[in-house]
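Trainee:
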Amino acid sequence: MKNSVFNGIKMFRKDMGNLLFHFTRSRPQGELSPCNVSLPANSYGYKTAFEVLTEIIRSGKLIGSNKFNKGGHCCVSFTEWPVSELASLFAINNELLKCNKKPRYEPYGIAVTKDWLYQKGGRHVIYQSESEYTDLPPKLQWRHVRYEPPNFDFTWEREWRIPCQELFLAPQEVLVIVRDKQEAHNITYGFSQLTSGIDPNTGINTTWSQPSWMAVSLDLFGL
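The opening residue of the sequence shown carries number 55 in this note's numbering; numbering runs sequentially from there.
This is the structure in structure tokens:
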């Protein structure tokens, strides 16, 4: 009974979803916080958000950062932003650009299910005051995010984290997010594998491209 009630709530609540998003953004030259992970020298040059995304796909992993984490905890972050609200998320970019500020999110990234990340050890963050940080047991302090309204309020990000230096991705568990259909095509077939076998319809040995990653373009949703 409890599960059926909960599933019904999820069906009607537009602010709830099953996906967690890790969005990339353009990276100025030298801007990295890789938590002691060795990276190629060319990783430190300027990269667009799409180029950062292709780096992630090529390596098959996300690199943890401690840049915004109190206590230097190395984590990979996600947002539980509902799909229905992605348009408003990227609209924030336009407002930041008007003020000559760097966008916080760009329409490139990956999505995983909550269940997948939860099984890996991911959890939603704990929003609390700085003074409450030490109230948390040391093994939970990586989940702390400062919350002292009105000056410090990042609850709108609905952040999840997983403590790690590297989070390895299983392509079958990942949805790649890009801006347009051409980029989705480039991801799907640019990272595909050539496969050979007998065509069951013709009985002829043939070769085809087997996509490794599933990509979706936001322009299909009018975003």
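Ideal placement from N, C-alpha and C gives every residue a C-beta, glycine not left out.
(1) Quickly, what does DSSP pair Gly163 with across the bridge? List them, please.
(2) Could you give the residue range of the beta strand (DSSP E) that holds Trp214?
(3) Glu220 bridges to which residues according to DSSP?
(4) Look at the alpha carbon of Phe144 and the alpha carbon of Glu160, and state the distance between them as a whole number of angstroms.
(5) Just to confirm the assignment, what range does the alpha helix (DSSP H) spanning Ala269 have?
(6) With a threshold of 16 other CB atoms inside 10 Å of the CB of Asn205, please say whether the residue is buried or exposed.
(7) Kindly indicate which three-state DSSP category Gln83 falls into: helix, strand or coil?
(8) Whose C-beta lies closer than 8 Å to the C-beta of Glu227 among residues of the same chain, with five residues either side of it excluded?
(9) For Pro144, report the span of its alpha helix (DSSP H) as first-last.
(10) To which residues does DSSP link Ile180 through a beta bridge?
(11) Where does Asn259 land, buried or exposed, given buried means 16+ other C-beta within 10 angstroms?
(12) Rounded to whole angstroms, what's the CA-CA distance from Ser131 to Ile164? Just pull it up for me.
(13) Assign Gly176 to buried or exposed, taking buried as 16 or more other Cβ atoms, counted over all protein chains shown, within 10 Å of its Cβ.
Mentor: Walking through what the data contain:
(1) Phe77, Ile231
(2) 213-217
(3) Ile117
(4) 7 Å
(5) Looking at the DSSP string, Ala269 is not in any alpha helix (DSSP H); the run it does join, the beta strand (DSSP E), is 268-271.
(6) exposed
(7) coil
(8) Val166, Thr167, Trp170
(9) It should be pointed out that residue 144 corresponds to Phe in this sequence rather than to Pro. Where Phe144 is concerned, the enclosing alpha helix (DSSP H) stretches over 140-152.
(10) His198
(11) exposed
(12) 11 Å
(13) buried
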